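Numbers in this note's numbering are just positions in the sequence shown, counted from 1, shifted up by 172. Glycine is no exception: its CB is placed at the ideal position from the N, C-alpha and C atoms. Just so you know, these numbers come straight off a predicted model, no measurement behind them. Working notes for the structure below.
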Amino acid sequence: KTSTYSIAMSTKSGCSFAFLLPSLFLAGCADASVLPEPCAHPDASIHSDDPEVEVYFGCGCFWHVQHEFVVEEMTKLCRKGSNLTARTAYAGGTHTQGGLVCYHNSMGKADYGQLGHSEVVSMNLPVSAFGSFAKKFWELCPKGVRRDVQDVGGEYRSVVGLPGGIHSSLMPELRAAATAKVVEGKGNDADTLGTDAVLVYDTTQFPAHVAEKYHQFHDDMLDQYGSAYHALRHFADTTQCPGDQSSWPFFIS
Numbered sequence: 173k174t175s176t177y178s179i180a181m182s183t184k185s186g187c188s189f190a191f192l193l194p195s196l197f198l199a200g201c202a203d204a205s206v207l208p209e210p211c212a213h214p215d216a217s218i219h220s221d222d223p224e225v226e227v228y229f230g231c232g233c234f235w236h237v238q239h240e241f242v243v244e245e246m247t248k249l250c251r252k253g254s255n256l257t258a259r260t261a262y263a264g265g266t267h268t269q270g271g272l273v274c275y276h277n278s279m280g281k282a283d284y285g286q287l288g289h290s291e292v293v294s295m296n297l298p299v300s301a302f303g304s305f306a307k308k309f310w311e312l313c314p315k316g317v318r319r320d321v322q323d324v325g326g327e328y329r330s331v332v333g334l335p336g337g338i339h340s341s342l343m344p345e346l347r348a349a350a351t352a353k354v355v356e357g358k359g360n361d362a363d364t365l366g367t368d369a370v371l372v373y374d375t376t377q378f379p380a381h382v383a384e385k386y387h388q389f390h391d392d393m394l395d396q397y398g399s400a401y402h403a404l405r406h407f408a409d410t411t412q413c414p415g416d417q418s419s420w421p422f423f424i425s
């Protein structure tokens, strides 16, 4: 890991370096374009009067994962603006610092890696929509392998968070499209890269901690998502983490 002041010396973590110098690291990257129009009516298999559940998915850097699930919310659930629930977050660790979990920062405050958490995207879904979103997860995380393999460590492990964890009533739908084995997460787990496994956490025991506002609706290292996507950050909450509380986020990549 390297500090903000020595970023020219290493490019180990693509997820974080693009934020530090976007004009340098994102120059020439693909433009993943314009957001789709929200659908007029949800798919017939999705019942709007269903109870909602909070779930999360993680597979490497959370920037591109959030974008894909935002598009899924728009096209499958007809959500837009303040109704979109997908948020970058941290989960899977057994500790917080006074309830706080933050990105790497020079103050060492509530560092998510040191606290055993991984990068995830949390969202609220009607129960009947979970199968569709689980299928999207497996498309993003085939065989449990993230696309940004240059990011290494437990912070980037492949995970799913469900109410009830491995014993959740949603497990059959998760397994239906699975391309890797699903195993119970114990907390503070190591990287899953090369294990052909995805960890499943109980959201009651391992809740998602929403990430800093500057990490919401962010371009990925490989893709630029456009101004309409970036504007959704207006609906994100500011955290008490150092990166959201200073004029310049003093974090460590």
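Problem set entry | Bridge partner(s) assigned by DSSP for Met-295 | Here residue 295 refers to the residue found at position 123 of the sequence shown. Looking at the DSSP assignment, Met-295 forms a beta bridge with Val-227.
Problem set entry | Nearest residue (CA-CA) to Ser-418, options Pro-214, Thr-266, Asn-277 | Here residue 418 refers to the residue found at position 246 when the sequence shown is read from its first residue. For the residues Pro-214, Thr-266, Asn-277, the minimum Cα distance to Ser-418 belongs to Asn-277.
Exercise. Who pairs with Leu-272 in a beta bridge, going by DSSP?
Worked result: For this step, residue 272 is matched to residue 100 along the sequence shown. Answer is Gln-269.
Problem set entry | Ser-326 in three-state terms, based on DSSP | Looking up residue 326 in the sequence shown gives position 154. The amino acid at residue 326 is misidentified as Ser; the sequence shows Gly. Helix at Gly-326.
For this session: Could you please give the first and the last residue of the uninterrupted beta strand (DSSP E) stretch that includes Glu-244?
Result: As a working mapping, residue 244 is identified with position 72 in the sequence shown. Looking at the DSSP string, Glu-244 is not in any beta strand (DSSP E); the run it does join, the alpha helix (DSSP H), is 234-248.
Problem set entry | Opening and closing residue of the alpha helix (DSSP H) in which Gly-415 lies | Position 243 of the sequence shown, counted from the start, is the residue given in the question as residue 415. Unbroken alpha helix (DSSP H) run through Gly-415: 414-417.
Problem set entry | DSSP bridge partner residues for Leu-371 (one or two, in chain order) | In the sequence shown, counting from the first residue as 1, residue 371 sits at position 199. Leu-371 pairs with Val-331, Val-355.
Exercise. Where do the ends of the alpha helix (DSSP H) carrying Tyr-284 lie?
Worked result: Here the question's residue 284 lines up with position 112 in the sequence shown. First-last for Tyr-284: undefined, no H or E at that position.
Problem set entry | Segment limits, beta strand (DSSP E) that includes Ala-261 | Working through the sequence shown from its first residue, we reach residue 261 at position 89. Where Ala-261 is concerned, the enclosing beta strand (DSSP E) stretches over 259-263.
Exercise. Are Ala-141 and Glu-291 touching if we call contact CB-CB under 9 angstroms?
Worked result: Nothing in the structure corresponds to residue 141, since the chain is present only between 173 and 425.
Exercise. Of all the options His-239, Gly-232, Val-317, Gly-230, which has the alpha carbon lying nearest to the alpha carbon of Asp-395?
Worked result: Numbered from its first residue, the sequence shown carries residue 395 at position 223. Closest by alpha carbon: His-239.
Exercise. Under 9 angstroms between the Cβ atoms of Arg-329 and Leu-371?
Worked result: By one-based count along the sequence shown, residue 329 stands at place 157. By one-based count along the sequence shown, residue 371 stands at place 199. Against a cut-off of 9 angstroms, the Cβ pair of Leu-371 and Arg-329 comes out as a contact.
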